[in-house]
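Read the structure below first, then the notes.
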Amino acid sequence: MGNFDLLMHGFGVAITPMHLMLMVGGVLMGLIVGVLPGLGAPNGVSLLIPLTFALDPTSAIILLSSMYWGALFGGSTTSILFNIPGEPSSVATTFDGYPMARAGQSTRALTLAFMSAGFGALLGVIVITLLAGWASNFALRFGAPEYFAVYFLAFAAFVGMGSAAPMKTLVSLAAGLLLASVGMDSVTGSIRLTFGFEDLLGGISFLVVVIGLFGIGELLSTVQEGLRFRGVASKIDLRDVFKTIAELPRYWATYIRSGLIGIWMGITPGGPTAASFMSYGIARSSSRKGAPFGTGRPEGIVAPETADHSAGSCAMLPMLALGVPSSATAAVMMGGLMIWGLTPGPMLFATQPDFVWGLIASMYVSNLIGVVLVLATVPMFAALLRIPFTIIGPMIVAICFVGAYTVSNATFDLWLVLIFGLVGYLFSRLDYPLAPLVLAMVLGHKAENAFHQSMLLSDGSLGIFFSNPLVSGIMAVGIALLVLPKLMAFGSRFRRRVPVE
Amino acid sequence: MTTIKTGLLAATALLLAVPAQAEWAPSRPIEFVVASGAGGGTDNFARTIQAILTRDGIIDNPVVVLNKGGGSGAEAFLYARQNDGDPHKLIFGTNNVYLLPHVAKLAYTVEDLQPVAALALDEFLVWVKADSPYQTVMDLVNAAKDAPGTIPFGGSQSKDTDETLVALIEQTTGADFKYIPFNGGGEVGVQLAGGHVAANVNNPNENAGQWQAGAVRPLCVFAPQRMAESAPISGDMGWHDIPTCKEQGLEIDSYQMPRTVWLPAGTEPDVLAYYEAALQKVAESDAWKEYLAKTSQSASFLTGDELAKFIETSEGNAVKVFEAEGWTAK
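Order-wise, the sequence lines are chains A and B. Heads up, the first sequence is in my numbering, so the first residue is 7 and it goes up one at a time. Heads up, the second sequence is in my numbering, so the first residue is 27 and it goes up one at a time.
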């Protein structure tokens with residue numbers, strides 16, 4: 007088969023001492039960028055772009071993409087250890103990763119996350135290798151109504167099986183949607199909900215809100231509970247890493263499901279963040295009995311991490327083949343591509359085989375390097391939790407504020423972190439779920455745009471969401487996910503009653 | 027006493043001597059404030075200049091790029107207003123600098139920024155899907171006249187250069203399209219290739235990939251003369267083979283988007299002169315010519331009166347369209 011030969015050719019291009027050095031360097035830089043919240047992969051990659059002018063495009067893209075993989079790995083570290091997501095796409099990892107680390111199993115949590123991430127990435131690259139041509143044609147079929155259907159599905163998957171009180175979920179969701187609509191609306195061009203504050207013109211940054219809600223909010227809760235992390239007693243042993251690796255095959259179903267979700271969301275413009283939420287939601291609904299999600303279930307780490315990384319690597323495909331980046335980092339890399347004089351588009355695969363297949367081959371190698379490097383850092387990071395709270399607490403505050411500031415270099419964002427820290431604290435005290443708010447902030451604006459565009463196309467008829475098999479299919483699955491759990495709960499209650507009577 | 031007097035005299039003499047030296051040079055790192063997110067056309071424009079400035083040693087101070095793309099770029103222009111008189115900040119935009127305040131109520135005016143230079147002109151073309159029935163731009167216009175408000179025309183944002191151009195076509199010909207704003211030219215390019223919209227007015231490099239692959243084709247370019255000669259892009263057609271819209275009977279002479287550089291208002295004239303000279307060197311460098319060729323933009327270096335005149339004409343034309351469409355923000 008042709009793609010396989012091309013891949014082998016790609017390995018020939020990618021595996022040179024120079025490229026291997028770039029990969030290791032890129033992954034290491036990415037790890038640092040990913041660990042620091044706020045200074046995410048998009049910022050890191052755009053900082054590197056001017057440096058790449060001195061390299062040939064293939065080496066340049068290998069460096070940039072390696073940095074991206076590193077950042078994706080690093081983003082999970084702070085999510086698990088401190089409940090502060092380093093990257094938007096690792097928010098869902100906090101839900102179970104942090105409780106597991108608090109229960110003294112930080113090594114296990116980190117290993118689970120990194121191994122899942124590596125597996126997800128591998129799955130993504132394999133799909134790119136095998137289906138490069140077909141997948142980009144598939145993505146072309148997505149117009150505004152299809153985009154909306156995908157976002158709707160992500161919402162439905164996550165919200166439909168929420169365990170919190172429905173009214174509280176609704177409040178949290180609505181708050182997120184409200185926050186997402188601040189700033190300039192791109193469909194009408196009008197400015198909304200800024201109340202005359204110039205700082206709000208650009209909207210409220212999702213990352214700043216998340217740093218406040220999770221980082222500061224969690225810190226406040228910790229302070230109330232007696233000024234110490236409960237993970238202090240965690241023992242650190244490299245054997246734990248291997249023990250965790252041995253338990254991985256048990257979650258094969260979660261792996262495959264999450265990998266598929268990630269691949270799909272990476273190819274269609276849902277992006278890694280949406281993929282990780284959706285995958286977490288679906289894993290929660292389809293899990294067998296055991297400890298509830300949110301208390302440190304291994305599947306709760308495996309699902310979002312696998313989906314995040316398979317989406318992250320698949321996002322390279324629409325970028326190269328269509329010129330549409332489905333993640334913020336891919337957008338920056340595409341800018342680089344244009345500066346290097348390469349035109350993203352269906353012909354790139356034919357006109358620049360060295361570049362494209364060199365990149366794809368490098369994705370295998372650098373993800374492997376990434377997994378090895380991050381696993382080596384596990385004991386080091388897990389040891390961080392042994393530091394007494396009186397030292398680490400202030401450091402977390404500093405990291406949160408520095409992180410929030412680096413998002414867009416705005417001092418106003420520091421106030422937002424404080425405000426949302428309080429909101430996060432209140433939410434967790436009053437048992438309001440944070441996840442729907444975060445999800446609504448990530449997808450709310452995109453979903454609204456897609457809905458608005460669909461309405462413009464159809465002159466206001468909702469029928470457009472059922473106008474072809476693709477969009478109707480996605481909508482039907484979404485509605486089913488939203489309604490079925492309730493129906494089943496109702497049904498089982500009914501069935502249980504029958505024998506009693 | 028005398029020492030103090032001498033000291034004061036010396037200090038006064040020094041103070042007087044400073045303006046006599048005239049030449050201003052940056053003393054701190056320079057901030058490039060980009061009025062778009064990372065990866066957009068404006069971002070590439072700024073980063074290419076950053077690379078040339080540093081690599082060729084035109085400016086020795088470090089250059090830091092800051093993306094402030096919120097509110098269609100308004101965030102960057104407000105930032106300029108907040109930092110008036112700061113000579114270490116350059117703002118990178120397009121014509122949005124002077125057009126945004128007309129369509130949205132914003133807390134800055136054009137007077138808050140000082141134009142430094144325009145370095146390139148990006149062209150606009152009408153594109154349709156490869157298998158579309160429209161062979162010339164007038165076919166498309168006539169179809170929109172026959173069935174008003176039904177032909178979906180994609181654009182990159184709301185009330186931006188794309189929608190202004192579509193409105194201009196409508197006002198010139200009396201056709202009526204259904205304008206759908208997306209997020210950025212790349213996305214509109216794919217929407218066209220997938221057949222979800224009937225046409226778009228993307229810049230050359232936003233659609234080049236799809237054209238190369240034969241998924242879309244250009245109908246005409248909004249320029250007074252055809253674009254520069256190039257190697258064939260799709261089949262045996264290159265950029266020069268695309269007719270101008272005027273050749274095809276659409277009476278719009280030219281519609282081009284300048285890539286512009288600005289300073290916050292209130293800086294010394296020396297500062298302006300310094301950056302004009304630096305950017306002139308950029309515009310003459312080979313790396314810059316290469317960037318223009320790769321992104322299919324037209325070379326055009328404007329400063330001073332020429333630039334002021336260009337802005338005046340461009341702003342006047344756009345405002346006419348805004349007024350006719352009722353977009354002007356009061």
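Glycine is no exception: its CB is placed at the ideal position from the N, C-alpha and C atoms.
| said: Quick check: the region 332-344 of chain A against the region 305-312 of chain A, are at least 3 beta-carbon pairs closer than 8 angstroms? | reply: no
| task | Go to residue 511(A), then tell me how far its alpha helix (DSSP H) extends in each direction, as first and last residue. | result | Nothing can be reported for residue 511(A): it is not among the residues displayed for chain A, which extend from 7 to 507.
| request: Work out the CA separation of residue 473(A) and residue 479(A) for me, nearest whole Å. | output: 10 angstroms
| request: Would you mind sorting residue 508(A) into buried or exposed? The rule is 16 or more other CB atoms within 10 Å of its CB. | output: Examination of residue 508(A) is not possible in this model, given that chain A is present from 7 through 507 alone.
| Is it true that the CB of residue 201(B) sits closer than 9 angstroms to the CB of residue 174(B)? | yes
| message | Can you tell me whether residue 228(A) is buried or exposed? The criterion is at least 16 other CB atoms within 10 Å of its CB, across all chains shown. | response | buried
| residue 237(A) versus residue 189(A) - alpha carbon distance | Its pLDDT being 49, under 50, residue 237(A) is placed unreliably by the model, and the measurement read from it follows with that caveat. Their Cα atoms are separated by approximately 40 angstroms.
| query | Taking any Cβ of chain B, which residues in the region 150-175 of chain A have a Cβ under 8 angstroms from it, in chain order? | reply | 150
| said: In this structure, how does DSSP classify residue 260(B) when only helix, strand and coil are distinguished? | reply: strand
| task | Please list the segments of the alpha helix (DSSP H) lying wholly inside the region 24-88 of chain A, counting only runs of 4 or more residues, in order along the chain. | result | 47-54 and 63-88
| said: Given this structure, state the Cα-to-Cα distance separating residue 382(A) from residue 157(A), to the nearest angstrom. | reply: 37 angstroms
| Can we say the region 118-130 of chain B touches the region 307-320 of chain B, given the rule of at least three CB pairs closer than 8 angstroms? | no
| message | Once the 5 residues before and after residue 171(A) are set aside, which same chain residues still bring their CB inside 8 angstroms of it? | response | 437
| query | residue 487(A): buried (16+ other C-beta within 10 angstroms of its C-beta) or exposed? | reply | buried
| Outcome for residue 143(A) when other beta-carbon atoms lying within 10 angstroms are tallied against a minimum of 16 | exposed
| query | If you scan the region 232-312 of chain A from start to end, which runs of the alpha helix (DSSP H) of 4 or more residues do you find wholly inside it? | reply | 244-253, 258-273 and 277-292
| task | Starting from the C-beta of residue 63(A), find all residues in its chain whose C-beta is less than 7 angstroms away, skip the five residues before and the five after it, and write them out in chain order. | result | 346, 348 and 361
| said: Would residue 63(A) pass as an interface residue toward chain B - the criterion being a Cβ-Cβ separation below 9 angstroms? | reply: no
| Which same chain residues, not among the five before or five after residue 237(B), have their C-beta less than 7 angstroms away from its C-beta? | 243, 244, 259 and 260
| query | With C-beta atoms as the reference, is residue 433(A) less than 9 angstroms away from residue 232(A)? | reply | no
| request: Mind listing the chain B neighbours of residue 472(A)? Cutoff is C-beta to C-beta under 8 angstroms, in chain order. | output: Per Cβ cutoff of 8 angstroms: no residues; residue 472(A) is ~16 angstroms from chain B at best.
| task | Note down, one range per segment and in chain order, each alpha helix (DSSP H) of at least 4 residues found wholly within the region 210-285 of chain B. | result | 211-219 and 230-238
| Can the beta-carbon of residue 229(B) be found closer than 9 angstroms to that of residue 118(B)? | no
| said: Measuring alpha carbon to alpha carbon, tell me which residue in 349(B), 180(B), 343(B) and 291(B) is nearest residue 227(B). | reply: 180(B)
| field | Contact the region 308-321 of chain A vs the region 118-132 of chain A: 3+ CB pairs below 8 angstroms | value | yes
| request: Name, please, each residue of chain B whose Cβ falls closer than 8 angstroms to the Cβ of residue 459(A). | output: 206, 207 and 208
| message | Using the three-state DSSP reduction, which class does residue 195(B) fall into: helix, strand or coil? | response | helix
| task | Taking residue 155(B) as part of the beta strand (DSSP E), name the residues at either end of that continuous run. | result | 151-155
| task | Mind listing the chain B neighbours of residue 344(A)? Cutoff is C-beta to C-beta under 8 angstroms, in chain order. | result | 70, 231, 320 and 321
| task | Starting from the N-terminal side, write out each stretch of the beta strand (DSSP E) that is 3 residues or longer and does not extend beyond the region 95-165 of chain A. | result | none
| request: Please state if the CB of residue 132(B) and the CB of residue 207(A) are separated by a distance shorter than 9 angstroms. | output: yes
| said: By the three-class DSSP mapping on this structure, what secondary structure does residue 93(B) have? | reply: strand
| field | residue 488(A) in three-state terms, based on DSSP | value | helix
| C-beta neighbour in chain B for residue 414(A), strict 9 angstroms | yes
| Counting pairs of beta carbons, one from the region 87-95 of chain A and one from the region 35-43 of chain A, are three or more of them closer than 8 angstroms? | yes
| said: Would residue 201(A) pass as an interface residue toward chain B - the criterion being a Cβ-Cβ separation below 9 angstroms? | reply: no
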